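Asks:
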Amino acid sequence: MYNTTTDYWAINDMKMGRDTMKIARFLLDRRITCMKIYPFDAPDHYLSNQALEEGLNWIREIRDGVGNKMDICVDCWGRFDFPSAMRIAKALEPNNIMYLEDAMLSGNAKT
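The opening position of the sequence shown corresponds to residue 788 in my numbering, with each subsequent residue numbered one higher.
Below you can see the structure in the form of structure tokens.
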């Protein structure tokens, strides 16, 4: 698995978002078949419709570029409230994601 959450800048100056499909192809060419990404970002623990759509675009680009040859793991870094985490999980369902990690706020019993 290639963790794009820490090392994406090390791939020929490619960046997730701008070069998502290129990164997926680059990794597959090197027999790396799983990538961990963090496509969702939002202030105040709430994910807007626009931010959700922007994150889903990363996943669509991977699927459009390499199909199911690349497993995708999504890390949210424990950033979202319960409603936002549920929206993310539901939106990811049709995309055959390997796993969704830390979607909800940590340390908050209400989430």
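Beta carbons: idealized from backbone N, C-alpha and C, even for Gly.
Here the structure is a predicted model, which is why all the values come from computation and not from measurement.
Could you spell out the range, first to last residue, of the alpha helix (DSSP H) harbouring residue 841?
Replies: As a working note, residue 841 is residue 54 in the sequence shown. Run containing residue 841: 836 to 853, per the alpha helix (DSSP H) assignment.
Asks: Do residue 810 and residue 819 have their C-beta atoms closer together than 8 Å?
Replies: Within the sequence shown, the letter at position 23 stands for residue 810. Within the sequence shown, the letter at position 32 stands for residue 819. Result no, Cβ atoms of residue 810 and residue 819 do not sit closer than 8 Å.
Asks: Note down the Cα distance separating residue 892 from residue 823, rounded to an integer number of angstroms.
Replies: Counting from 1 along the sequence shown, the entry for residue 892 is found at position 105. Counting from 1 along the sequence shown, the entry for residue 823 is found at position 36. Near 19 Å, if we compare the C-alpha coordinates of residue 823 and residue 892.
Asks: Buried or exposed: which applies to residue 866, given that a residue is buried once 16 or more other Cβ atoms fall within 10 Å of its Cβ?
Replies: Locating residue 866 in the sequence shown gives position 79, counting from the first residue. With 16 or more other Cβ atoms within 10 Å, it is buried.
Asks: Measure from the alpha carbon of residue 869 to the alpha carbon of each residue in 814, 833, 882 and 808, then state which is nearest.
Replies: Locating residue 869 in the sequence shown gives position 82, counting from the first residue. The option with the nearest alpha carbon to residue 869 is 833.
Asks: Any idea if residue 880 is buried or exposed, counting beta-carbon neighbours within 10 angstroms, 16 or more meaning buried?
Replies: Here residue 880 refers to the residue found at position 93 when the sequence shown is read from its first residue. The residue in question, residue 880, is exposed, as its Cβ has fewer than 16 Cβ neighbours within 10 Å.
Asks: Closest to residue 862 by CA distance: which of 850, 876 and 854 is it?
Replies: One-based indexing of the sequence shown puts residue 862 at position 75. Selected option, being the one with the closest Cα: 876.
Asks: Taking the Cβ atom as the reference point for each residue, do residue 830 and residue 842 lie within a distance shorter than 8 Å?
Replies: For the purposes of this step, residue 830 is identified with residue 43 of the sequence shown, where counting begins at 1. For the purposes of this step, residue 842 is identified with residue 55 of the sequence shown, where counting begins at 1. Not closer than 8 Å, so no.
Asks: Would you identify the three-state DSSP class for residue 822, choosing helix, strand or coil?
Replies: Here the question's residue 822 lines up with position 35 in the sequence shown. In this structure, residue 822 counts as strand in the three-state DSSP scheme.
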